[in-house]
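Chemist: Each residue of the sequence shown is one higher than the last, beginning at 1 in UniProt numbering. Yeah, the Cβ is synthetic: ideal placement off N, Cα and C, and Gly gets one too. Given the structure is predicted, the values throughout are model-derived calculations rather than measurements. Dropping a structure here in structure tokens format, bear with me for questions.
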Amino acid sequence: MDHSPETLPAMDASAPDWQPPPWPSGCPEPGIYPGIPYEDYRAWPAINATALKHCATLSPKHARASVEAGTDSLARKFGRAVHCYFLERERFVERFAVAGPCCEPLKSGERQGQPCGVSGRFVTPTQEWYCGTHVKGHDDVSEPVDMIQASDLADIERMFEAAKSHAAVALLRAHGGCEVSLLWDREGLPCKARFDKLIEKGPRGEPYIIDLKKCAAYAIDSASIEKSIVNYGWDAAAAWYVDGMERLTGRTPRFWWVFLEDGPPYDIRPKAATRGWLRGGKIRIDSAFNVYRWCCQTGDWRGVSPDVDDEEPPDYYKKRFGIR
């Protein structure tokens with residue numbers, strides 16, 4: 001279903017019937033918040049770039065669920081680990097738990113009596129790890145918010161060793177705050193973003209936002225990176241981050257992506273979000289925000305399709321089977 005503004009009834013945010021909802025009690029006042037733990041940031045019931053991406057590509061229903069519940073994933077945990085290792089290496093050991101193998105003895109099979117050995121997910125106060133299957137019956141366990149596998153740590157170490165001599169990495173480690181959270185008001189709605197790195201005064205005096213991105217080995221060429229920027233909506237996210245800084249500070253920051261290969265040769269490629277990228281990203285993010293705002297006004301949080309999908313198969317399918 002098309003959720004673009006053109007398919008929805010007209011909405012005017014300045015009309016008398018547009019009353020933004022009260023500021024959520026779970027959100028602090030608008031501002032820049034360095035050092036906020038990720039779980040606290042995630043709990044803020046505010047709009048972020050991911051929710052707006054869901055609004056544009058899935059449905060407003062998915063966007064609302066993203067804002068209300070917040071999400072985390074193994075990929076996000078790994079991303080935070082990469083960011084911390086590259087940007088604040090001295091804090092890595094105290095912040096991240098490296099999961100050990102599951103210690104539960106197997107009850108049957110050729111390895112009966114031996115530890116399970118599967119990567120652990122839950123840990124006891126005495127550092128005994130259990131996988132998702134064998135955690136049952138153990139009440140004194142917890143799942144660390146920031147946790148990675150030992151194999152992931154080895155990959156991160158190799159990435160850092162290969163990239164640490166790059167000038168961009170030296171700049172990242174020399175200036176600014178890491179994992180900086182922003183909260184701002186846009187037309188009465190709370191909005192948020194979390195920067196991997198904020199350099200408030202860069203080489204030319206202006207602020208810089210740095211966003212680290214992991215990419216597959218040998219996918220660090222210009223064509224692959226540009227395709228990822230478009231497909232994953234990273235241009236829209238960049239425009240969202242810039243918009244938040246402008247609204248809070250009145251200053252327009254520069255925005256850099258820093259792409260890191262996750263396999264040999266572990267190369268690094270900084271890329272600026274130039275005017276063209278930010279203009280295109282702003283069009284995409286503003287369109288999604290307008291849909292979200294319309295949903296707030298009307299209470300219509302529609303799903304992906306209110307009716308039976310009767311669209312014909314795509315052209316490549318017709319071509320494959322000779323369908324006209």
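1. In the DSSP output, what is M147 paired with across the bridge?
2. Please return the same chain residues whose Cβ sits closer than 6 Å to the Cβ of Y33, not counting the five positions on each side in sequence.
3. Flag this pair as touching only if the segment 74-84 and the segment 148-157 have three or more C-beta atom pairs under 8 Å; answer yes or no.
4. Please specify which runs of the beta strand (DSSP E), each continuous and at least 3 residues long, are wholly inside the segment 191-255, giving them in chain order.
5. Does the distance from the C-beta atom of residue 379 to that of L183 stay below 8 Å?
6. Between the segment 234-251 and the segment 199-213, do three or more beta carbon pairs fall short of 8 Å?
7. Are S287 and A56 close, meaning C-beta to C-beta below 8 Å?
8. Here's the rule I'm using: 16 or more other beta-carbon atoms within 10 Å means buried, otherwise exposed. How should R111 be labelled?
9. Runs of 4 residues minimum, wholly inside the segment 161-192: which ones carry the alpha helix (DSSP H) assignment?
10. Look at I47 and P253 and say whether their C-beta atoms are less than 8 Å apart.
11. Go ahead and pull the three-state DSSP assignment for S108.
12. Identify, in the order they occur along the chain, each residue of the same chain with its Cβ nearer than 6 Å to the Cβ of W18, setting aside the five sequence neighbours on each side.
13. Within the chosen definition, does the segment 135-151 reach the segment 168-179 through at least 3 CB pairs nearer than 8 Å?
14. Starting from the C-beta of F122, find all residues in its chain whose C-beta is less than 6 Å away, skip the five residues before and the five after it, and write them out in chain order.
15. Would you mind working out which of K271, M159, R279 sits nearest V242, comparing C-alpha positions?
16. So V230 packs on S59, CB below 8 Å; how close in whole Å?
17. To the nearest angstrom, how far is the alpha carbon of K227 from that of W256?
18. Can you list, in chain order, the residues of its chain with a C-beta nearer than 7 Å to that of E246? Leave out the 5 residues immediately preceding and following it.
19. Can you list, in chain order, the residues of its chain with a C-beta nearer than 7 Å to that of D315? Leave out the 5 residues immediately preceding and following it.
20. In terms of residue numbering, what span does the beta strand (DSSP E) encompassing residue 326 cover?
21. Write down the C-beta distance between P45 and E29 rounded to the nearest angstrom, noting that I regard them as a contact closer than 8 Å.
22. Taking the beta carbon of I220 as the centre, do at least 16 other beta carbons fall within 10 Å, making it buried, or is it exposed?
23. What is the DSSP secondary structure of A272, counted as helix, strand or coil?
24. Between which two residues does the alpha helix (DSSP H) containing Y317 stretch?
25. Determine the burial state of L260: buried for a count of at least 16 other Cβ atoms within 10 Å of its Cβ, exposed for fewer.
26. How is V258 classed by DSSP in three states: helix, strand or coil?
Modeler: Once the coordinates are examined:
1. A97
2. S181
3. yes
4. 208-215
5. Residue 379 lies beyond the stretch modelled for the chain, which goes from 1 to 324, so this question has no answer here.
6. yes
7. yes
8. exposed
9. 167-174
10. no
11. coil
12. Q297
13. no
14. Y130, V135, V141, E143
15. R279
16. In this structure, V230 and S59 do not form a Cβ contact; the two beta carbons are roughly 21 Å apart against a cut-off of 8 Å.
17. 16 Å
18. T252
19. none
20. Absent from the structure is residue 326, since the part of the chain shown begins at 1 and ends at 324.
21. About 14 Å separates the two Cβ atoms, so there is no contact after all.
22. Burial call: buried.
23. strand
24. 315-321
25. buried
26. strand
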